[in-house]
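In our numbering, the protein residues as written are 24 to 356.
Idealized CB from N, CA, C, for every residue including glycine.
Beneath this line is the structure, given in structure tokens, with notes to follow.
Listed below in structure tokens is the structure:
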């Protein structure tokens, strides 16, 4: 009668009680406070922008998102064209930057000799520390003249695509070089130069942590170097690739000085990246801030809130994607 209860009791898993030391408790509370502080600061920024920009949002209503003119003094203003311009510059930057950053990170971690690897890593990190105004001047004086022929070639061969379409000179079949200067495409390429080191640094760090056991096992089974990269390194670093790309996207969305140097300020709506039209929200804020009256300043705060929400959505989506991707914790060595 008593054997069965004793056997059932013996099969129960033993409860393990973890006794944390004072140092562990202090560390846990420190990290919690730091995390809550970051969230509080993020919320405070959003609340501040909403409070300062509420007068403009209340006055404009939904037209704030559908209007492309910026004339707060006349009661007509919106960020439609600026949102599109910001997106086009950021997407152009990523299209140029991500392949270069990805191949650069793979070369540093998988192909470069050990003595050269440290030098390349230091150079990439140094590029990330260069001020944005330096990139802007570099793009304006050097890249812009070199990219005008590229823009003309894209317009001639891919002009049937709406994003690459450019109006020809009236009564002529030629394009003018001035049409291609100060374009969203050139601004995107300049921003790409700033995004490359950020993306490359994140991807390189993740690729360097790929499990050595899996790489050696693939080589032992006869895989080539590229086979190892394709079957081990890239799947392991998928989260790092997405994270680096989204981090670069956040930098591209908020870049100000370099874009302001390249672009001619124009709030009109356009999807044509090769013509010298369009602008970004950050450029609007920096160019109009000094001459704004109280209501115009409220409109600029509302524009900043739109950019803040846009960047926040991008990072939340990136976090969800990374959470579903493979990472080092899911790898068995």
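Answer yes or no: the CB of residue 175 versus the heavy atoms of the ligand FAD, is any distance below 7 Å?
Within the structure as shown, the ligand FAD is missing, as the structure has no ligands at all.
According to DSSP, simplified to helix, strand and coil, what is residue 93?
DSSP places residue 93 in strand when its eight states are reduced to three.
Identify the residues that DSSP records as bridge partners of residue 100: which are they?
Note: residue 100 sits in a beta bridge opposite 93.
In chain order, what are the residue ranges of uninterrupted alpha helix (DSSP H) at least 4 long that sit wholly in the segment 223-306?
Listed in chain order, the complete alpha helix (DSSP H) runs (minimum 4 residues) inside the segment 223-306 are 235-243, 248-251, 261-277 and 280-285.
Pick from 321, 346 and 347: whose alpha carbon is nearest that of residue 76?
Closest by alpha carbon: 321.
When the Cβ atoms of the segment 63-73 are set against those of the segment 324-338, are three or more pairs found closer than 8 Å?
Judged by Cβ distances under 8 Å, the segment 63-73 makes contact with the segment 324-338, as three or more pairs qualify.
Please list, in chain order, all residues of the same chain as residue 355 whose beta carbon is under 6 Å from its beta carbon, the five residues on each side excluded.
Note that residue 355 scores a pLDDT of 44, beneath 50, so its modelled location is shaky and nothing firm can be said.
Under DSSP, the alpha helix (DSSP H) around residue 172 begins and ends at which residues?
Counting along the chain, the alpha helix (DSSP H) containing residue 172 begins and ends at 167-181.
Would you please state the rounded distance, in angstroms, between the beta carbons of residue 271 and residue 222? I believe it to be under 8 Å.
Residue 271 to residue 222, Cβ: 4 Å. Contact.
Which of helix, strand or coil does DSSP assign to residue 39?
Note: residue 39 maps to coil in three-state DSSP.
Short of 8 Å in beta carbon distance, which residues of its chain neighbour residue 294, apart from the five on each side in sequence? Order them along the chain.
Here the set comprises 107, 111, 185 and 186.
At the level of alpha carbons, what is the spacing between residue 82 and residue 181?
Going by the C-alpha atoms only, they are around 42 Å apart.
Report the residue from 303, 290 and 292 whose alpha carbon sits nearest the alpha carbon of residue 276.
When only C-alpha atoms are compared, the closest one is 303.
Let me know the secondary structure DSSP gives residue 85 once reduced to three states.
DSSP places residue 85 in coil when its eight states are reduced to three.
Looking at C-alpha atoms only, which residue of 323, 273 and 299 is the closest neighbour of residue 339?
Comparing Cα-Cα distances from residue 339 to each of 323, 273 and 299, the minimum goes to 273.
Considering residue 162, what are the terminal residues of the alpha helix (DSSP H) in which it resides?
Run containing residue 162: none; DSSP gives neither H nor E here.
I think residue 123 touches residue 209, with their Cβ atoms under 8 Å apart; what is that distance to the nearest whole Å?
17 Å between Cβ atoms; not a contact.
Could you pull out every residue in the same chain whose Cβ sits closer than 7 Å to the Cβ of residue 224, ignoring the five residues on either side in sequence?
The answer, listed in chain order, is 147, 148 and 151.
So, are the CB atoms of residue 204 and residue 171 less than 8 Å apart?
For residue 204 and residue 171, yes; Cβs fall inside 8 Å.
Roughly how many whole angstroms lie between the Cα atoms of residue 117 and residue 265?
The straight-line gap from Cα to Cα measures roughly 12 Å.
Please report the straight-line C-alpha distance between residue 345 and residue 201, rounded to a whole angstrom.
Residue 345 and residue 201: Cα-Cα distance of roughly 43 Å.
Count the other CB atoms within 10 Å of the CB of residue 220; is the residue buried (16 or more) or exposed (fewer)?
Its Cβ being crowded by 16 or more others within 10 Å, residue 220 is buried.
In whole angstroms, what is the alpha-carbon distance linking residue 40 and residue 132?
Between residue 40 and residue 132, the C-alpha separation is close to 42 Å.
Leaving out five residues before and five after residue 289 in sequence, what residues of the same chain have Cβ atoms less than 7 Å from its Cβ?
If we look at residue 289 and ignore the five residues flanking it on each side, its Cβ neighbours are 300, 301 and 302.
According to DSSP, is residue 184 helix, strand or coil?
Of the three classes helix, strand and coil, the one that applies to residue 184 here is coil, per DSSP.
Do you know whose CA, among 297, 140 and 318, lies nearest residue 177's CA?
Checking every option, the nearest Cα to that of residue 177 belongs to 297.
If you drop the 5 nearest sequence neighbours on each side, which residues of the same chain put their C-beta closer than 7 Å to that of residue 268?
Cβ within range, chain order: 117, 121 and 222.
Comparing alpha-carbon positions, which option in 173, 87, 233 and 115 lies nearest residue 282?
Taking only the C-alpha atoms, the option nearest residue 282 is 115.
Quick one: give me the first and last residue of the alpha helix (DSSP H) that residue 357 is part of.
Outside the shown range of the chain (24 to 356) lies residue 357, about which nothing can therefore be said.
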